[in-house]
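Undergrad:
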Amino acid sequence: MADDYVRRTAITRLEVTDEQRDLLEDTISEWKRGCQLATDMAWGKCNTKSDVQPLAYDDVREHTDLGSQHAILSTHQAAQAITGCIEQKAKGKKVSKPTFTAPTVKYDTRTMTLFDDDTVSLSTTESRVRCDLSLPDADDGYQRQYLGSDEWSITESTLTARDGDYLLHIGFRRPKNDTERNTAEDGTVLGVDLGIENLAVTSTAYFFSGRELTHDLREFEKVRAGLQQTGTRSAHRTLEQSSGRELRYVRDVLHRASNAIVDEALRYECDVIAFEDLTDIRDRTGASWGHRWAFRTLYEQVEYKAEAEGISVKQVGSAYTSKRCAECGFTAEENRATRNEFRCVKCESEANADYNAAKNIGMRYVRRGQQSSRRTGNSQLALKSGTVTPNGGYTAYPDGFEAEFMDKPHPPRANPSG
Ligand SMILES: [Zn+2]
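Numbering (the numbering used here), first residue to last: 2 to 419.
Rendered as structure tokens:
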């Protein structure tokens, strides 16, 4: 992406009173209405901020309780969503008018102020609220390297409601050094977790269900087992024919999944797709031969499709990716209470277990160079902000895109001529 800035996001919970909660809820709901109103007005007419804002601003002000700056931002959000649709359409994708359902609201430096005492002041539909940031204890918090830094300045931030909590995704940026360029070594990484219930889950919260594959594989294995017992020549021929058909179903599912993974990487402008070590998946999931074959095939499909797009595909060690909390890094058996649910016993964050694993897999690739002093990469993990919902259809790009960086700060790259 042609951008002169390195962008990072620090995510933190807010401590809110009941009164503040009501105001934030109201602001989120008015924000969604404002974005929708502006989108409805501009859809099919215009898509730049400078066109959508004068078209929709007065109506947003009149029909919502948003303050003037939030009204402006909502027209910009609408412009961005419509532009995303136009880009998708240019790639031959089917698009429909964006709808704003995610419980989020955008902030900029006019509507949000961070203070040195770890509090933040946020505009709402009424008065401003001032809340404490609920930051991790001293050394655990990667957020500190941005919050207290002269190098990083605040840009757009997003407030997201999730299970009664408010998460603030604070956007930071700093100018790029001359030598910084997005390559496989310091670009954006998409983490992918493979499994049986969910065939694939990405660090951007894209869920590809495993149900269809499991069904097709079962049919395939049934045909195969039944015919092998018969053992005759004609049975052998029937096996070849029917496995041709059953196998086609299986391959078709895998192609759809691999396309979806590569699309997700393109959508978030990723340079690397990271999977966990495929031999580890076999041990961990206790998968049947069919699933093991399917994982390998899916990986190979992603590999060649991604390479055609200039994206590299890597495997990382999978130790503890299912037991480590992607939010605070705490690793424990108890974090994984059930098959699907991840609940960190330290920071209490909850997530779909496969989604948590996908973030860890991507993060492992991001952090891969820590032991090596030669590495001065700036990799980041592609994440989606907001509530994690199993894939519910089309979301307007780049709505909710966040890149998170949890590594320790690196020194600037050494003199490239040296
Ligand atoms: Zn945690």
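We put the CB at the ideal spot given by N, CA and C, even for glycine.
Could you please give the first and the last residue of the uninterrupted beta strand (DSSP E) stretch that includes threonine 1?
TA: Only positions 2 to 419 of the chain appear in the structure, and residue 1 is not among them; the question remains open.
Undergrad: Quick one: what's valine 273 bridged to in DSSP?
TA: Val190 and Ser313
Undergrad: According to DSSP, simplified to helix, strand and coil, what is leucine 15?
TA: strand
Undergrad: So, with DSSP's three-state summary, where would you put glycine 35?
TA: If DSSP states are grouped into helix, strand and coil, glycine 35 belongs with the helices.
Undergrad: Quick one: grab the DSSP three-state call for threonine 112.
TA: coil
Undergrad: Aspartate 253: which of His216, Tyr58, Glu277 and Ser204 sits nearest, CA to CA?
TA: His216
Undergrad: Under 7 angstroms Cβ to Cβ from aspartate 355, same chain only, skipping five residues before and after it: list those, please.
TA: Asp194, Gly196, Asn199 and Val202
Undergrad: Less than 9 angstroms between the beta carbons of glycine 1 and threonine 112, yes or no?
TA: The requested residue 1 does not occur in the structure, where the chain is confined to residues 2 to 419.
Undergrad: Tryptophan 153: buried (16+ other C-beta within 10 angstroms of its C-beta) or exposed?
TA: The residue is buried, with at least 16 neighbouring Cβ atoms inside 10 Å.
Undergrad: Inspect the beta-carbon positions of threonine 40 and proline 99 and report whether they are closer than 9 angstroms.
TA: yes
Undergrad: How many angstroms separate the CA atom of lysine 409 from the CA atom of cysteine 86?
TA: Caution applies to lysine 409, whose pLDDT of 30 falls short of 50 and renders its modelled position unreliable; the value that the coordinates give is listed next. Straight-line Cα distance between these residues: approximately 36 angstroms.
Undergrad: Taking buried to mean at least 16 other C-beta atoms within 10 Å of its own C-beta, is valine 263 buried or exposed?
TA: When all chains shown are included, valine 263 counts as buried.
Undergrad: Considering only C-alpha positions, which residue in the set Gly93, Gly318, Ile73 and Gln146 is nearest to tyrosine 108?
TA: Ile73
Undergrad: Quick check: what's the CA-CA separation for aspartate 151 versus threonine 110?
TA: 16 angstroms
Undergrad: Along the chain, where does the alpha helix (DSSP H) that runs through serine 319 open and close?
TA: No residue range can be given for serine 319, since it is assigned to no alpha helix (DSSP H) and is classified by DSSP as neither H nor E.
Undergrad: Looking at C-alpha atoms only, which residue of Gly149, Tyr58 and Ile171 is the closest neighbour of arginine 8?
TA: Ile171
Undergrad: So, helix, strand or coil for aspartate 278, using DSSP?
TA: coil
Undergrad: Taking buried to mean at least 16 other C-beta atoms within 10 Å of its own C-beta, is asparagine 260 buried or exposed?
TA: exposed
Undergrad: Per DSSP, which residues does glutamine 70 bridge with? Please list them.
TA: Looking at the DSSP assignment, glutamine 70 forms no beta bridge with any residue, so it has no partner.
Undergrad: Where does glycine 172 sit, in a helix, a strand or coil, going by DSSP?
TA: strand
Undergrad: My output table needs one value for lysine 107: the three-state DSSP class, helix, strand or coil.
TA: strand
Undergrad: Roughly how many angstroms separate the alpha carbons of glycine 394 and tyrosine 207, rounded to a whole number?
TA: Per-residue confidence for glycine 394 stands at a pLDDT of 24, beneath the threshold of 50, marking its modelled position as unreliable; the derived number appears in the next sentence. Going by the C-alpha atoms only, they are around 10 angstroms apart.
Undergrad: Would threonine 126 pass as a contact of aspartate 66 if the rule is Cβ separation under 9 angstroms?
TA: yes
Undergrad: Mind checking which residues open and close the beta strand (DSSP E) that includes leucine 160?
TA: 158 to 163
Undergrad: How about arginine 86: is its Cβ closer than 8 angstroms to a heavy atom in ligand 1?
TA: It should be pointed out that residue 86 corresponds to cysteine in this sequence rather than to arginine. Answer for cysteine 86: no, Cβ out of range of ligand 1.
Undergrad: With 16 as the cutoff for other CB atoms within 10 Å, does serine 374 come out buried or exposed?
TA: Model confidence at serine 374 stands at a pLDDT of 38, short of 50, so the residue's coordinates are unreliable; what they give is reported in the following sentence. Classification of serine 374: exposed, given that the 10 Å Cβ count is below 16.
Undergrad: Using 8 angstroms as the cut-off, classify the Cβ of lysine 347 as near or not near the heavy atoms of ligand 1, replying yes or no.
TA: yes
Undergrad: By a C-beta neighbour count over all protein chains shown, 10 Å radius and 16 as the cutoff for buried, is threonine 339 buried or exposed?
TA: exposed
Undergrad: Return the Cβ separation of glycine 363 and glycine 192 in integer angstroms, given the expectation that the two are a contact with Cβ distance under 8 angstroms.
TA: 2 angstroms
Undergrad: Out of Lys90, Gln54, Arg174 and Glu88, which has the shortest C-alpha to C-alpha gap to alanine 79?
TA: Here the closest residue by C-alpha is Gln54.
Undergrad: Let me check you understand the geometry: is the CB of glutamate 328 closer than 8 angstroms to at least one non-hydrogen atom of ligand 1?
TA: yes
Undergrad: So, using beta-carbon positions, are glutamate 351 and aspartate 164 closer together than 9 angstroms?
TA: In this structure, aspartate 164 lies closer than 9 angstroms to glutamate 351 by Cβ.
Undergrad: Does the Cβ of glutamate 16 have 16 or more other Cβ atoms within 10 Å, making it buried, or fewer, making it exposed?
TA: Around the C-beta of glutamate 16, fewer than 16 other C-beta atoms lie within 10 Å, and the residue is accordingly described as exposed.
Undergrad: For a quick check, are the C-beta atoms of alanine 383 and asparagine 357 less than 9 angstroms apart?
TA: no
Undergrad: Can you tell me which of the three DSSP states glutamate 198 falls into?
TA: coil
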